[in-house]
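Asks: The structure's right below; bear with me while I get my questions together.
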Amino acid sequence: EEAKNLSKAFLTSVLDAEDLWLKGVAGQLKMWAATKKMPMEEKQQEAVVERCREAYLSMLQRHAAGRLLSHRARSHLRQACLAAATHKVLLEEAPQSEAMIDEFIHFSMGGVYSSFMLGGLKISSWAKRLLLRESSMSQAVDTLHTIARVRGCKLLGAV
712 EEAKNLSKAF LTSVLDAEDL WLKGVAGQLK MWAATKKMPM EEKQQEAVVE
762 RCREAYLSML QRHAAGRLLS HRARSHLRQA CLAAATHKVL LEEAPQSEAM
812 IDEFIHFSMG GVYSSFMLGG LKISSWAKRL LLRESSMSQA VDTLHTIARV
862 RGCKLLGAV
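Here our numbering is used: the first residue of the sequence shown is 712, the next is one more, and so on.
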């Protein structure tokens, strides 16, 4: 029920991505404490989440200061800083739990879904080649143009 409410708050812009991430960290710490995987008192859990927030803000300031970033670049930088800061703080807190922390970060960053997405891309590529008679070279060029468009730059040269 709480996850449903958090998702709704995020989708309606009541909760931003940073707060949603940190609530996820707090929830994971509670679960680890309950299952004795990373025993921690509630006050200590709150302190760890606050240290994650501080490390995130510090990292973001260090990497974004003085740079003009597109909305997409800012979003990616924020997400990378959240993951790196959380990883750093959790490892400082429980260095013996590195594999568990890595799995949590991987899952939080969408690692579970990447194999599904790759499968979809392979099917799409196959269908374009067989059904639409699109060449592999044409698909590669389209992919390069899409990457350039997403990154906000132009391709120099011709294929």
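Glycine included, every Cβ here is placed at the ideal spot set by N, Cα and C.
Assign L801 to one of two classes, buried (16 or more other C-beta atoms within 10 Å of its C-beta) or exposed (fewer than that).
Replies: So L801 counts as buried.
Asks: Inspect the beta-carbon positions of A745 and M770 and report whether they are closer than 8 Å.
Replies: No, the pair does not count as a contact, with Cβ atoms beyond the cut-off.
Asks: Whole angstroms are fine: how far does the CA of I834 sit from the CA of A805?
Replies: Rounded to the nearest angstrom, the two C-alpha atoms are 42 Å apart.
Asks: Tell me whether the beta-carbon of K747 lies closer than 8 Å to the beta-carbon of M811.
Replies: Going by C-beta atoms, K747 is not nearer than 8 Å to M811.
Asks: Considering just the uninterrupted stretch of the alpha helix (DSSP H) at R764, what are its terminal residues?
Replies: Looking at the DSSP string, the run of the alpha helix (DSSP H) that includes R764 is E753 to A775.
Asks: Among residues of its own chain, excluding the 5 on either side of W732, which ones have a beta-carbon nearer than 6 Å to its beta-carbon?
Replies: Counting only Cβ-Cβ distances below 6 Å, and skipping sequence neighbours, we find L793.
Asks: By Cβ distance below 8 Å, which residues in the same chain neighbour E757 in space, the five residues on each side in sequence not counted?
Replies: The residues are A737.
Asks: Do you know how far the Cα of R773 is from the Cα of R840?
Replies: Looking at the two C-alpha atoms, the distance is approximately 45 Å.
Asks: State yes or no: is the C-beta of I816 within less than 8 Å of the C-beta of H798?
Replies: Taking 8 Å as the Cβ cut-off, I816 and H798 qualify as a contacting pair.
Asks: Rounded to a whole number of angstroms, what is the C-alpha to C-alpha distance between E803 and L855?
Replies: Computed Cα separation, rounded: 40 Å.
Asks: According to DSSP, simplified to helix, strand and coil, what is T854?
Replies: T854: helix per DSSP, three-state reduction.
Asks: Using 8 Å for Cβ pairs, my map puts Y767 next to E814. What's the rounded Cβ distance?
Replies: The pair is not a contact, with the Cβ atoms about 20 Å apart (cut-off 8 Å).
Asks: Ignore the nearest five residues each way along the sequence and tell me which others in A791's own chain have a CB closer than 7 Å to its CB.
Replies: Excluding sequence neighbours, A791 sits near nothing in its chain.
Asks: Which whole-angstrom value is the C-beta distance of G735 and S819, which I expect to be below 8 Å?
Replies: That pair is a contact at about 6 Å.
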